[in-house]
Amino acid sequence: MVKPDGVQRGLVGEIIGRFEKKGFTLRALKLFTPSRELAEEHYKDLSAKPFFKDLVDYITSGPVVAMVWEGNGVVASARKLIGATNPLNAEPGTIRGDLAIQTGRNVVHGSDSPENGERETGLWFGEGALVDWEPSLKPWLTE
Ligand code: IDP
Ligand code: MG
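Those letters in the sequence shown? Residues 1 to 143, per UniProt numbering, in order.
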């Protein structure tokens, strides 16, 4: 997901491009401003953290671009492409390493496990939202 700061800063194309160029397949995408209820449910594991309210304020502060990407090892690979939570610790070449300077404005979210990827897909998109299609490049990306 491109977070509200990423959308406001005009980084949507840049961020989507990194996943596209890596070779992952886009299965769903939408632009909308999340409700507090959705943001609180999405980040419920962090509800005891002192920054939880600020985090929910941040995520609901404007439109986000929610996406579902598919492909070999996509969850772990996306976490590497995104970089460390604190952008100052994120390696150059990663999205956060290249495009952000503070944890509270780190431009992008990525699911941290396949199970959470499934959970978050259901939460953000609901049933039946995934588009089933066969990228014509597939034989050039996987053997
Ligand atoms: P992640 O996004 O790299 O998976 P998490 O630990 O799951 O990192 O935290 C979720 C989000 O909460 C972070 O991306 C960041 O926006 C915010 N966050 C995490 N730790 C802090 C903090 O110490 N201060 C402010 N915001 C934080
Ligand atoms: Mg996380």
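Think of the CB as a built atom: it goes at the ideal place given N, C-alpha and C, for glycine as much as any other residue.
The residues Thr-94, Ile-95, Arg-96, Val-108 and Gly-110, in chain order, have a CB closer than 7 Å to that of Ile-82 in the same chain once the five nearest residues on each side in sequence are set aside. Not one heavy atom of the ligand MG lies closer than 7 Å to the C-beta of Asp-98.
Not a single heavy atom of the ligand IDP lies less than 7 Å from the C-beta of Asn-116. Judged by DSSP in its simplified three-state form, Leu-88 adopts coil rather than helix or strand. Per DSSP, Val-64 is one residue of the beta strand (DSSP E) stretching across 64-70. With distances taken between CA atoms, Asp-5 lies nearest to Thr-103 out of Ser-136, Leu-137, Glu-120 and Thr-103. Rounded to whole angstroms, the gap between the alpha carbons of Tyr-43 and Leu-29 is 20 Å. Taking a cut-off of 8 Å for Cβ pairs, the region 43-54 and the region 11-31 do not touch, as fewer than three such pairs fall below it.
The residues Leu-29, in chain order, have a CB closer than 6 Å to that of Met-67 in the same chain once the five nearest residues on each side in sequence are set aside.
Contact check between the region 53-71 and the region 26-40: three or more CB pairs, one atom from each, fall below 8 Å, which counts as touching.
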